[in-house]
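*Asks:* Under my numbering, the first residue of the sequence shown is numbered 2, with each subsequent residue one higher.
No residue lacks a Cβ here, since even glycine has one placed at the ideal position from N, Cα and C.
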Amino acid sequence: MASRIEHRTAFSADVASTWDAVSSEAALRARLEQIGGDDAELLEYVTTADGVRYKLRQGISSDKLPSAVRTLHRGDLVVEREQTWRADGDGYTGVATASVNGVPGEITAKTSLTGEGGRTTLTNSGEVKVRIPFVGGKLEGVIAEQVVKLLEREAEFVAKWLAER
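Structure, rendered in structure tokens:
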């Protein structure tokens, strides 16, 4: 069984400005520098005819992990994320995947960026699956909670980026 991830944020900016804050190479590099954790890196950034695809690496030191995770995983966590965005009408839709070193499983999500009346909404809807007998479900819940916290921090970064421009 998987644990759900649901996160929605509204920004007081149009879709084009929010798109830039969410997916431009400059914004991604700045976001990683500010909240990316240990050894954060933009591994790949490719523009396509109708969108963009990028890969990120983010680190979480073991001392910042919940005790339930430290019990099951020794050392720091390294998360690799891949995001693909495509133009969809007046907004964008995408798919995100992530894996955590040493944890058998994956994180998947559908993403969307939609606008209405000068405001833009970023939506993430996905799930965490961990394939470890007996404790996988508990670990899924902890990881899902941490992913939502990360999405909240990223939304705060996007809001700040928009306010400064």
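#1: Does the Cβ of residue 102 have 16 or more other Cβ atoms within 10 Å, making it buried, or fewer, making it exposed?
#2: Enumerate in chain order the residues of its own chain whose CB-to-CB distance from residue 29 is below 8 Å, with the five nearest sequence positions on each side excluded.
#3: With C-beta atoms as the reference, is residue 95 less than 9 Å away from residue 112?
#4: Express the C-alpha separation of residue 23 and residue 11 in angstroms, rounding to a whole number.
#5: Which whole runs of the alpha helix (DSSP H) in the segment 5-80 are 4 residues long or more, in chain order?
#6: By a C-beta neighbour count over all protein chains shown, 10 Å radius and 16 as the cutoff for buried, is residue 118 buried or exposed?
#7: Return the residue from the list 161, 97, 122 that minimises the CA-CA distance to residue 148.
#8: Looking at the secondary structure, which residues open and close the alpha helix (DSSP H) in which residue 146 lies?
#9: Since I believe residue 121 is in contact with residue 21 (beta carbons under 8 Å), could you give me their beta-carbon distance rounded to a whole number of angstroms?
#10: Using only alpha-carbon positions, find the residue among 138, 84, 133 that is nearest to residue 1.
#11: With residue 132 as the anchor, note down where its beta strand (DSSP E) starts and where it stops.
*Replies:* Based on what the coordinates show:
#1: exposed
#2: 43, 46, 55, 57
#3: yes
#4: 13 Å
#5: 16-24, 26-36, 68-73
#6: exposed
#7: 97
#8: 137-164
#9: About 11 Å separates the two Cβ atoms, so there is no contact after all.
#10: Past the boundaries of the shown model lies residue 1; the chain is included only from 2 to 166, so the question cannot be answered.
#11: Element bounds for residue 132: n/a, residue is neither H nor E.
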